[in-house]
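Here's the structure we're looking at; comments come further down.
Residue numbers (this note's numbering), protein chains in the order written: chain A, 1 to 320; chain B, 1 to 304.
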């Protein structure tokens, strides 16, 4: 187990370096300038520009800029070009909301996708399976903003339930419990909207896995010795087909974190996605680099955890 | 015990026994009526976007000018004159949806083409060369796969400036990783095949082996991932358009019609329903065709 962990950790460090390169160069290689006053404003003195460039190290070659940005990021000195507050502070105040939203989404996508896929596989080939396949593709085809709007209209307009933001405004909550429930509701609705597509994708994955396992010889043996189909299914087939799902987490996370940009902006949710969108429109380079880097690092850690979990469950992976 | 129709062997009719593998895939694909319907929708969409793409670029007002404003007839519900109603500037939504169709389809096809090209080349090199080349390329793929694709595309498009070709290229440059992994996996099995060893023993050069002997045998699964990649690209473009970073006005796109209608969403359902349905139908059709192909092909390999 130890050599496996060491090798896996080594790869993670290398990937972290590549990720930092990608997140830096995708932002800085783009044409255009990051000046808050625009390129061609004649009222700006050349000296002011010079000072600005110096302040954000824009007068240095790209390689040095990369060094400065990454160095500042790790020491927490990196400041936003927008309001000059430390970038880590700006991200830190959004991080809990983002983790709650994406954690809830991931949990929903995995659990609902599992149930859905198993349901589909159990009835493989029937019209129920056909309908559920069609529904899965319908969910995959649904643009997130369309679904989000439909839900917002339904909740706010029809039922007069507030779901925008992270809490209901203008209401005094008598105790922490009701405030917590209010917040749960505000997280759950966008989380489900965000997760619907991933849940559908996951259900297809689960269905294919279960059907593949059902073709194995030991399933035939289990049936041959006269076990009830439900026992064969739940006890023998399901257990072995659910295992690859652990690796599925790494595939879902980037989709959820990326989709959060749209969903957060519709639900006015104070998460990283909206901070990122604002940073894009303001051309706030340091914040952009930091957000891309931190989100990719979160995904990388998710992958690392799922790989280690997988190796714990399935010893064959450790020798490779 | 429940009989599982998916696992049971198919009845082989006399003429099916003499069919080529391609014909058998085709027959299996056509047997599912949903596949046929979805293919019909895809063909119809392709024709529509070709016709109205030309009309849009040549500025031919057919069926009516999609950019003609008329403030006295703004925000009208669907009627005989305006089949999908009019928007906040009195523009005909029906012609805007038609003229916007080629944007979605172009992004879908070209972005997937770019991704397919890069992914195939990287995957082929990685799978054929193996050793440290494979290590380096696959670690790069792993790193790229950690990024939330939509946000990465959003960042790049916003900084490069939103235009049709920038969007297409950025989506292509970011979404080739899945194809690369698939091609590599195919190459790892195929390069050990006897006919590949025979070709090597005959003294064929690596490019000839890769392109003439290995790649054609990996073509089917690569084609399927390509078709399944199209709806993703269409949805990404719609999302970018919705955030205002799609193809810029006055050109209509399905996402931007909805985005412009944000303020009127409670009063003018037709501004959201019709372009929304267009996106939904287009992506669904491509997903169903891709999935149908995947199933027809995978049953094929299973029986070999």
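For each residue, glycine too, the CB sits at the ideal point set by N, CA and C.
Under the rule that 16 or more other beta-carbon atoms within 10 Å means buried, what is residue i, buried or exposed?
i, result
"residue 165/B", "exposed"
"residue 195/B", "exposed"
"residue 96/B", "buried"
"residue 202/A", "buried"
"residue 167/B", "buried"
"residue 63/A", "exposed"
"residue 128/B", "buried"
"residue 304/B", "With a pLDDT of only 33 at residue 304/B, under the threshold of 50, the placement of this residue in the model should not be trusted; the figure read from the coordinates follows. Classification of residue 304/B: exposed, given that the 10 Å Cβ count is below 16."
"residue 149/A", "buried"
"residue 154/A", "exposed"
"residue 254/A", "buried"
"residue 209/A", "buried"
"residue 297/B", "buried"
"residue 303/A", "buried"
"residue 307/A", "buried"
"residue 71/A", "exposed"
"residue 321/A", "Since the first residue of chain A shown is 1 and the last is 320, residue 321/A is not available in this structure."
In terms of residue numbering, what span does the alpha helix (DSSP H) encompassing residue i cover?
i, result
"residue 2/A", "2 to 28"
"residue 142/A", "Here residue 142/A belongs to no alpha helix (DSSP H), and DSSP marks it neither H nor E."
"residue 186/A", "176 to 214"
"residue 310/A", "285 to 313"
"residue 269/A", "It is not in any alpha helix (DSSP H) - residue 269/A carries neither H nor E in the DSSP assignment."
"residue 100/A", "87 to 122"
"residue 57/B", "33 to 57"
"residue 149/B", "149 to 160"
"residue 199/B", "194 to 201"
"residue 74/A", "62 to 75"
"residue 41/A", "Here residue 41/A belongs to no alpha helix (DSSP H), and DSSP marks it neither H nor E."
"residue 229/B", "215 to 242"
"residue 69/B", "Unbroken run through residue 69/B: none, as it is neither H nor E."
"residue 99/B", "93 to 129"
"residue 178/B", "177 to 190"
"residue 75/B", "That residue, residue 75/B, is in no alpha helix (DSSP H); it is neither H nor E in DSSP."
"residue 221/A", "217 to 224"
"residue 269/B", "First-last for residue 269/B: undefined, no H or E at that position."
"residue 307/B", "One cannot answer for residue 307/B here, as it falls past the ends of chain B, which runs 1 to 304."
"residue 209/B", "No alpha helix (DSSP H) holds residue 209/B; DSSP gives it neither H nor E."
"residue 260/B", "254 to 260"
"residue 238/A", "238 to 242"
Am I right that residue i and residue j are in contact with their C-beta atoms under 8 Å? What's the rounded C-beta distance?
i, j, result
"residue 142/A", "residue 166/A", "In fact, because the Cβ distance is near 24 Å, the residues do not count as touching under 8 Å."
"residue 148/B", "residue 44/A", "Actually they are not in contact, since the Cβ atoms of residue 148/B and residue 44/A sit about 35 Å apart, beyond 8 Å."
"residue 257/A", "residue 102/A", "6 Å"
"residue 90/A", "residue 275/A", "7 Å"
Near residue i, what residues of its chain come up, given a Cβ to Cβ distance below 7 Å and the 5 sequence neighbours on each side ignored?
i, result
"residue 3/B", "Note that residue 3/B scores a pLDDT of 47, beneath 50, so its modelled location is shaky and nothing firm can be said."
"residue 66/A", "24"
"residue 236/A", "218, 219, 222"
"residue 276/B", "258"
"residue 56/B", "99, 102"
"residue 84/B", "78, 93, 94, 97, 270, 274"
"residue 277/A", "261, 265"
"residue 7/B", "Note on residue 7/B: pLDDT 46, under 50, position unreliable in the model; the coordinate value appears next. Result list for residue 7/B: empty, nothing under 7 Å."
"residue 91/B", "66, 67, 68, 69"
Leaving aside the five residues before and after residue i along the sequence, list all residues of the same chain whose C-beta is less than 8 Å from its C-beta, in chain order.
i, result
"residue 300/A", "12, 15, 16, 19"
"residue 7/A", "none"
"residue 34/B", "288, 292"
"residue 243/A", "310, 313, 314"
"residue 223/B", "293"
"residue 113/A", "198, 199, 200, 201, 202, 203, 205, 206"
"residue 246/A", "306, 309, 310, 313"
"residue 171/A", "182"
Near residue i, what residues of its chain come up, given a Cβ to Cβ distance below 6 Å and the 5 sequence neighbours on each side ignored?
i, result
"residue 144/A", "259, 262, 263"
"residue 321/A", "This structure cannot settle anything about residue 321/A, because the visible part of chain A is limited to 1 through 320."
"residue 286/B", "230, 231"
"residue 287/A", "80, 87, 279"
"residue 80/B", "none"
"residue 137/B", "122, 126"
"residue 105/A", "191, 194, 195, 256"
"residue 173/A", "179"
"residue 213/A", "237, 240, 241"
Legend entry - Touching by the beta-carbon criterion (3+ pairs, under 8 Å), the stretch 231 to 240 of chain B and the stretch 150 to 169 of chain B: yes
Legend entry - the stretch 219 to 227 of chain A touching the stretch 149 to 166 of chain A, judged by at least three CB pairs closer than 8 Å: no
Inset, instruction - Inspect the CB distances between the stretch 221 to 240 of chain B and the stretch 281 to 293 of chain B and report whether three or more fall short of 8 Å. - result: yes
Inset, instruction - Indicate whether the contact test is met: 3 or more Cβ pairs, each with one atom in the stretch 270 to 277 of chain B and one in the stretch 196 to 207 of chain B, closer than 8 Å. - result: no
Legend entry - Three-pair Cβ contact test at 8 Å for the stretch 62 to 70 of chain B versus the stretch 82 to 101 of chain B: yes
Legend entry - Given 8 Å, three or more beta-carbon pairs between the stretch 246 to 261 of chain B and the stretch 110 to 129 of chain A: no
Inset, instruction - Tell me, please, whether the stretch 109 to 123 of chain B touches the stretch 171 to 190 of chain B by the rule of three or more beta-carbon pairs shorter than 8 Å. - result: yes
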